[in-house]
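Participant: Take a look at the following structure, please.
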Amino acid sequence: MSANSMTPQELLLPVRSGFILLTLVLALLANLLPWSGWTAWLAPDFVALLVLYWCIHEPRKFGFLTAWLLGLMMDIADGSLFGQHALAYVILAYAGTFLHRRVQRFSMAPQILHVIPLLLFTDLVVLLVRALAGADFPGLPYFLGSFVGAALWPPLTHLLKLPQRPRPDPDRV
Amino acid sequence: MEHTPPPLFRTGPTPLTRLLILSTLSLMLLVADARFNYITLLRQATAVVLYPLQRLATAPAAIGRRISEFFVTHGALREDNQQLAARNLELAREAQQARALQQENAHLRGLLGARERAGMPALAAEILYAARDPFARKVMIDQGIQGGIEAGRPVVDHVGVIGQVTRVYPWLSEVTLITDKGHLVPVMNLRTGLRAVLAGTGDEGRLELRFIPLAADFQTGDQLVTSGIDGVYPPGLPVAEITHVERNTAYLFANIQCKPLAGAHNHAQVLVLGPMPEKPERPAENDGTAQKKRKKGG
């Protein structure tokens with residue numbers, strides 16, 4: 000990467016834990032929406048996306064245990080094997096925490112290039128677990144959601160940083 | 000003696016340690032769930048936490064449906080009404096015939112000394128959403144333990160069999176569809192009375208009849224109904240229609256493709272049927288080694 004792909008860092012207000020919790024609940028809600036037909040293939044795993052986001056941007060506030068519990072909830076909601084999403088999210092959280100200093104330095108496009116393989120890897124973990132339990136490969140559209148999720152990364156980053164941006168001081172011109 | 004100084008900041012275990020601990024826990028849960036079904040209680044506790052979210056997420060669709068119901072035009076309603084009246088007439092005729100047949104049947108059965116086939120209690124439920132799991136075909140319905148549902152109950156819509164309840168939570172249950180890979184339904188060919196096993200393929204709208212000899216009398220268009228020998232599905236429920244029969248003498252068995260009659264994707268309302276009337280005990284096996292667990296249809 001050339002030096003100009005890096006962005007100057009902006010100063011942000013500290014994030015509130017309540018806000019993190021709210022976004023996670025909203026992500027769970029989004030995952031529980033009755034997706035059907037082709038939208039079910041396109042719909043990204045919002046919880047995985049949020050786990051990755053908070054691990055990269057607030058690794059001190061967002062613990063592995065939260066990711067793990069979220070995974071358990073997704074397993075119940077999907078009626079899948081108990082623990083498959085938990086395992087995938089914990090690995091994702093580790094990868095996100097491991098890479099957070101690196102990813103934060105990049106601008107949006109290279110960040111997406113980091114997000115795509117991480118989300119694909121999460122899919123792969125779930126696929127591996129299910130394959131060991133005797134399921135068939137559901138076809139390549141299985142991976143589509145990760146690309147859609149990565150495409151949502153820039154607007155998501157912008158949206159989630161909004162409450163952290165300091166308000167402009169009305170007394171200053 | 001050499002020892003490291005205490006850390007300046009307390010940060011707890013390193014990320015790698017946490018990863019290893021939680022991964023091990025996940026793997027243990029996975030094995031416990033896949034092999035031994037140990038964690039029903041844990042599942043149900045998590046399900047209770049999740050329940051409000053599940054209802055909240057499916058609420059917009061329900062509200063949307065109600066709004067669109069409100070704006071149905073007068074013409075559409077009249078047309079609907081006409082169709083329903085015609086259908087009602089047809090059904091009334093069939094019902095009258097059925098009553099006569101039922102009486103005749105009861106009489107004959109009484110003559111034969113056979114036990115009366117009990118009418119089944121049924122519980123109406125609504126499909127909340129289809130599970131996102133791409134590896135399985137499952138839907139969630141809005142009745143659970145509180146509604147008296149147990150695992151193993153058959154689920155039907157007004158056309159035919161949809162599937163079977165496989166897991167129950169306090170207010171929800173999980174229905175595995177007949178198209179799920181590995182789901183088996185014992186069926187009978189309505190035309191010939193031949194019995195067979197219908198297996199799901201994992202594809203929506205495709206089922207196959209397994210282990211049918213090449214010479215067996217199955218034709219395209221034959222209707223398949225449940226045979227009832229598994230003790231899960233009551234006999235006589237429509238399941239599928241044969242769409243394609245291929246007899247290749249290179250193989251031992253015929254390749255018979257079917258399509259399900261009922262579809263979980265086009266109706267929100269389903270019926271959960273009551274338990275099957277108790278069957279007589281199986282005759283005891285002669286040697287103790289042959290005592291196998293009875294496998295359910297799922």
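Protein sequence lines, in the order shown, are assigned to chains A and B.
To convert, note that position 139 of the first sequence is 138 in numbering that gives the first Met the number 0; the numbers rise steadily by one, no gaps.
To convert, note that position 101 of the second sequence is 100 in numbering that gives the first Met the number 0; the numbers rise steadily by one, no gaps.
Just so it is clear, CB atoms sit at the ideal spot from N, CA and C, and this is done for glycine as well.
1. What do you get for A:Pro-43, buried or exposed, if any count of 16 or more other CB atoms within 10 angstroms of its CB means buried?
2. Is it buried or exposed, A:Pro-33, if we count other Cβ atoms within 10 angstroms and call 16 or more buried?
3. For a contact defined as C-beta to C-beta under 8 Å, what are the partners of B:Cys-98 on chain A?
4. In the DSSP output, what is B:Ile-126 paired with across the bridge?
5. Is the CB-CB distance between B:Pro-120 and B:Gly-273 below 8 Å?
6. Would a C-beta distance cut-off of 8 Å place B:Tyr-168 and B:Gly-147 closer than the cut-off?
7. B:Val-224 and B:Leu-236: beta carbons closer than 8 Å?
8. Identify whether B:Lys-258 lies in helix, strand or coil by the three-state DSSP scheme.
9. Taking a Cβ distance cut-off of 8 Å, strictly less, list which residues of the segment 114–131 of chain A are near chain B, in chain order.
10. Under the three-state reduction of DSSP, which class applies to B:Glu-149: helix, strand or coil?
11. Answer with yes or no whether the minimum CB distance from A:Gly-95 to chain B is below 8 Å.
12. Compare the C-alpha of B:Leu-55 against each of A:Trp-37, A:Leu-28 and A:Ala-47 and name the closest.
13. Using the beta-carbon of each residue, which ones in chain B are nearer than 8 Å to A:Phe-173?
14. Mind checking A:Leu-20: buried by the 16 CB within 10 Å criterion, or exposed?
15. Would you identify the three-state DSSP class for B:Glu-280, choosing helix, strand or coil?
16. Please go through the same chain and pick out, in chain order, the residues whose beta-carbon is closer than 7 Å to the beta-carbon of A:His-157, but skip the five residues on each side of it.
17. Is the CB of A:Leu-86 under 8 Å away from at least one CB in chain B?
18. Find the residues of chain A that neighbour B:Leu-55, judging by a C-beta separation of less than 9 Å, and give them in chain order.
19. By alpha-carbon positions, which one of B:Met-27, B:Ser-172 and B:Pro-5 ends up nearest to B:Tyr-128?
20. Quick check on the burial criterion: 16 or more other C-beta atoms within 10 angstroms. Buried or exposed for A:Gly-78?
21. Could you tell me which residues DSSP pairs with B:Pro-237 in its beta bridges?
22. In the segment 138–151 of chain A, which residues sit with their C-beta less than 7 Å from some C-beta in chain B, listed in chain order?
23. Could you name the residues of the segment 10–26 of chain B whose beta carbon sits closer than 8 Å to any beta carbon of chain A, in the order they occur along the chain?
24. Can you tell me which residues form a DSSP beta bridge with A:Gly-17?
25. Is it buried or exposed for A:Leu-176, if we count other Cβ within 10 angstroms and need 16 for buried?
26. List the whole-angstrom C-beta distance separating A:Thr-96 from A:Pro-58, where the pair is believed to meet the contact cut-off of C-beta under 8 Å.
27. Under 8 Å, with one C-beta from each stretch per pair, do the segment 36–53 of chain B and the segment 97–104 of chain A reach the 3-pair mark?
28. By the 8 Å beta-carbon criterion, what residues does the segment 125–157 of chain B contribute toward chain A?
29. Compute the distance between the beta-carbons of A:Tyr-52 and A:Leu-159, then report whether it is under 8 Å.
30. Over what stretch of residues does the beta strand (DSSP E) that includes B:Arg-166 continue unbroken?
31. Whole angstroms is fine: what's the gap from B:Gly-63's alpha carbon to B:Phe-69's?
32. Please list, in chain order, the chain A residues whose beta carbon lies closer than 9 Å to that of B:Glu-173.
33. Could you compute how far the alpha carbon of A:Ile-90 sits from the alpha carbon of B:Ala-135?
Facilitator: Taking the structure as given:
1. buried
2. buried
3. Strictly speaking, residue 98 of chain B in this sequence is Arg, with Cys absent from that position. Chain order gives no chain A residues near B:Arg-98, where near means a beta carbon separation below 8 Å; the closest approach is about 40 Å.
4. B:Ile-140
5. Yes, the Cβ-Cβ distance between B:Pro-120 and B:Gly-273 is below 8 Å.
6. no
7. Less than 8 Å separates the beta-carbon of B:Val-224 from that of B:Leu-236.
8. In the structure shown, B:Lys-258 sits in a strand (DSSP, three-state: E or B).
9. The residues in question are Val-128 and Arg-129.
10. coil
11. no
12. A:Leu-28
13. Past the edges of chain A, shown from 0 to 172, lies residue 173 of chain A, and the structure says nothing about it.
14. exposed
15. coil
16. none
17. Closer than 8 Å to the CB of A:Leu-86 there is at least one CB belonging to chain B.
18. Leu-28 and Leu-31
19. B:Ser-172
20. buried
21. B:Val-224
22. Tyr-141
23. Pro-14, Leu-15, Arg-17, Leu-18, Leu-21, Ser-22, Leu-24, Ser-25 and Leu-26
24. In DSSP, A:Gly-17 forms no bridge with anything.
25. There is no way to answer for residue 176 of chain A, as the model of chain A reaches only from 0 to 172.
26. 5 Å
27. no
28. Leu-127, Tyr-128, Ala-129, Ala-130, Arg-131, Asp-132, Pro-133, Phe-134, Ala-135, Lys-137 and Met-139
29. Taking 8 Å as the cut-off, the beta carbon of A:Tyr-52 is found closer than this to the beta carbon of A:Leu-159.
30. 160–167
31. The straight-line gap from Cα to Cα measures roughly 10 Å.
32. Gly-78
33. 23 Å
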